[in-house]
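Everything below concerns the one structure shown next.
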Amino acid sequence: MARESAGAPRLPLLTDAVRLCSAARYRSGGRAAAVRRARGVGPPRRGHRLRAARRSLPPDRRAGDGARARGRDAPLRRARRDRAVPRVERLHALRQSPPSVSAVPDAVQLHLARAQRLPRALAAQPRPPRPAHRRAAAASGPRPHGRRAPRAAAGRRRVIIGPHPRGYFVVLQRDHATMTAQLARAWGSPAVGGPADEVVVVAAAEHERGWDGRDLPILDPAAGVPCGPGDIPLAAHLPMQLDGPRELGESDPHAGLLVAIKHCNRYRPVAPQALLLRRHRQVARFRRDSARLQRDLRARIAAPDSEIDRQWRTLHACDTISHAQLTAVPRLVGAVVPGADGRPVTLTSAAAEGGLSIDPWPFSGAEVRLDVPGRVLAGGCTSQAELERAFTAAPVEMQEFLLVPAQRRSA
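Be aware that the sequence shown starts at 1, since it is given in the working numbering, and climbs by one per residue.
What follows is the structure, given as structure tokens:
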């Protein structure tokens, strides 16, 4: 066989073709495609459509979409290839120049991303005030590392606090429940239908059973007075919202069911993404336990669902009116009750001379006068022990509360 000339092109041997196919098949998708590409008849490489589309864009858009733009506006704050951290969006006020890498050994120079602005509506919102139990913990000073704050500083509201000419009018939960039962007995008008059922009155009188033996004012160190509404932690409040209806359901399942539904509807359903927060997990667990209790109590009574819905809404309306009257906060009343024609009716209230006005009027009489027992505290206490002594020494006084229709608001 004649030897090949030096200037003639050498044909690829079989081993070269196999090696070429083996190296290219992973990138191109198979042996046949690699052979076609080696012969010059194969399709272009993958990604050609994306590159062609980028070349067809205007220059201004093309500059912000490629690797060059990522180099100018780095999505990573990094020092070199082996040290990189994800980008963290920061406000303009928090932008700081990175420290010198040469001054600190083994330091990583971070290039901050562009400053991000908060929405105007969000930035304009004031910071909500801290709860009383948080203020109490802060006022008590720093605590040793690794030790929890004492339970007495957790600001639990175990009574209802209302204004009084001599200070504050403190009402126990049991007395508030009695007041709610009196409102349930006076229920009934052309706007909301006939009088409330007797089971509603029983549920109103026992809806705070979980508080039995736990009524005690807790000091707010920042103000020197008992803690106000909304300062009770969920960890202490939610178990009592289950224990009370469970104990009541043992003797009266119908009344226990009404109380359980009222307590459960105080909290909204928790979205799945909100379960990252502890308080939302506590609420979700409470709603599951309350739903299980309601199923057990519901199986023991034969009332229709429409009747149960009307009864627990009447109980809820009486409870909110009682709270609004004791705390002198009319906006607390916003209950929706079934009307006489079956349509929902929303109760509203406003301040009136000597009490509150309710619209529409849900009670049978021309007005409702309630005598509620309580204790008057002047305030200015500096310790929990001083507050307990003042509460024990204060005599029980009767205070009259007045409810009138909206037509008599200016009278």
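Ideal Cβ placement from N, Cα and C applies to all residues, glycine included.
Under the DSSP definition of a beta bridge, F286 lacks any partner. The Cβ atoms of G162 and A328 lie closer than 8 Å to each other.
Nearest in C-alpha terms to V376, of all of R369, W312, L387 and P221, is L387. In this structure the region 167-182 does not lie against the region 239-259, because fewer than three pairs of beta carbons, one per stretch, are closer than 8 Å. For the options A378, R369, Q273 and G379, the alpha carbon positioned closest to that of E400 is the one of R369. Sixteen is the threshold: when 16 or more other Cβ atoms of the shown chains lie within 10 Å of the Cβ of R209, as they do, the residue is buried. Secondary-structure assignment with DSSP links Y168 through a beta bridge to P163 and L377.
Within the DSSP bridge table, the entry for S349 names I358 as partners.
Taking the C-beta atoms as reference points, A204 is found nearer than 8 Å to C318. Note on geometry: alpha-carbon atoms of D341 and R310 lie some 12 Å from one another. H316 and H280 have their C-alpha atoms spaced approximately 23 Å apart. According to the DSSP assignment, F401 belongs to the beta strand (DSSP E) that extends over V396 to P405. Collapsing the DSSP output to three states places G193 in a strand.
Shown here, D296 sits in a helix according to DSSP, grouped into three states. For L370, the beta-bridge partners assigned by DSSP are F401.
At a Cβ-Cβ threshold of 8 Å, I261 and W312 count as neighbours.
Between S383 and L257, the C-beta spacing is not below 8 Å. Distance from the CA of P217 to the CA of W361, rounded to the nearest whole angstrom, comes to 34 Å. Here V345 is not near V333, since their CB atoms are 8 Å or more apart.
For the pair P330 and R278, the Cα-to-Cα distance works out to about 31 Å.
Under the three-state reduction of DSSP output, V270 falls in the coil class, being neither helix nor strand. About 7 Å separates the CB atoms of S290 and H263; that is less than 8 Å, so the two are in contact.
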